[in-house]
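Everything on this sheet refers to the single structure shown next.
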Ligand SMILES: Nc1ncnc2c1ncn2[C@@H]1O[C@H](COP(=O)(O)OP(=O)(O)O)[C@@H](O)[C@H]1O
Ligand SMILES: [Mg+2]
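In our numbering, the protein residues as written are 1263 to 1459.
Here it is as structure tokens:
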């Protein structure tokens, strides 16, 4: 089967990068999706296969129907972790942007999957509320929506994240640079394979 052999040789050559998962956690409006988008573009520029699992999109599809109870939030996080692992083990760079408010659930994902990089997208709730990107804080304050993270539902700060982005006083570019630097230092990506260099 010469074709199959060729495919194998070809694929090992292409998939020289081990996959990994960058897990962006933080309050609603902290900047997870914004950072994820820019990171995604950076990886594509470096010709790395990349997939983003965004909390809002996942809840429309993979986790449709789940509530915002602790149990359902944990199920959501475990599902995202499961898919991230499937992708990463085939060499894909996976970006997760999801509030993922509980330490236990994030730590369980960390234990279950290889190459897990937790990024705390840190922003004071006052600033998130001022941004109110999706108008959800207003709805939470007026009681239109219940169990809103940071208002009437908990957010547990990561205890030992690999990277912290302070999005109230960093630009998006700076936050993305910090993550890329960490990945280079930890040898997940090589600065040398950046196309522009
Ligand atoms: N350093 C930063 N990183 C990310 N977003 C930032 C930063 N500074 C300001 N912002 C702004 O904050 C908002 C974050 O919204 P979004 O990315 O949708 O948050 P999340 O996905 O965490 O709910 C955007 O309007 C973005 O432009
Ligand atoms: Mg988002």
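Note that CB positions come from ideal geometry on N, CA and C, so glycine has one too.
Asked, Found
"For residue 1418 and residue 1365, believed in contact at Cβ under 8 Å, the rounded distance", "5 Å"
"Three-state class that DSSP yields for residue 1301 in the structure shown", "helix"
"Where residue 1318 falls: helix, strand or coil (DSSP)", "helix"
"Between the CA atoms of residue 1332 and residue 1350 - distance to the nearest angstrom", "27 Å"
"Residue 1291 Cβ short of 7 Å to ligand 1 heavy atom set", "yes"
"Residues that residue 1344 bridges to, as DSSP identifies them", "In DSSP, residue 1344 forms no bridge with anything."
"Three-state secondary structure (DSSP) of residue 1286", "strand"
"Proximal residues to residue 1450 (C-beta, below 6 Å), its chain only, five neighbours per side dropped", "1282"
"Best match in 1404, 1293, 1446 and 1399 for proximity to residue 1432 [C-alpha to C-alpha]", "1293"
"Between the CA atoms of residue 1315 and residue 1346 - distance to the nearest angstrom", "8 Å"
"DSSP-derived helix/strand/coil call for residue 1366", "helix"
"Contacts around residue 1448, its chain only, beta-carbon distance under 8 Å, and the 5 residues preceding and following it disregarded", "1379 and 1424"
"Given 8 Å, three or more beta-carbon pairs between the stretch 1299-1313 and the stretch 1437-1446", "yes"
"Reduced DSSP category for residue 1411 - H, G, I as helix; E, B as strand; rest coil", "strand"
"Residue 1383: first and last residue of the uninterrupted beta strand (DSSP E) it sits in", "1378-1384"
"Residue 1441 - containing alpha helix (DSSP H), residue span", "1434-1447"
"Where residue 1399 sits in the DSSP three-state scheme", "helix"
"Proximity test, residue 1317 beta-carbon vs ligand 2 heavy atom, cut-off 7 Å", "yes"
"Span of the beta strand (DSSP E) around residue 1357", "1355-1359"
"Which residues DSSP lists as bridging residue 1427, in chain order", "1383"
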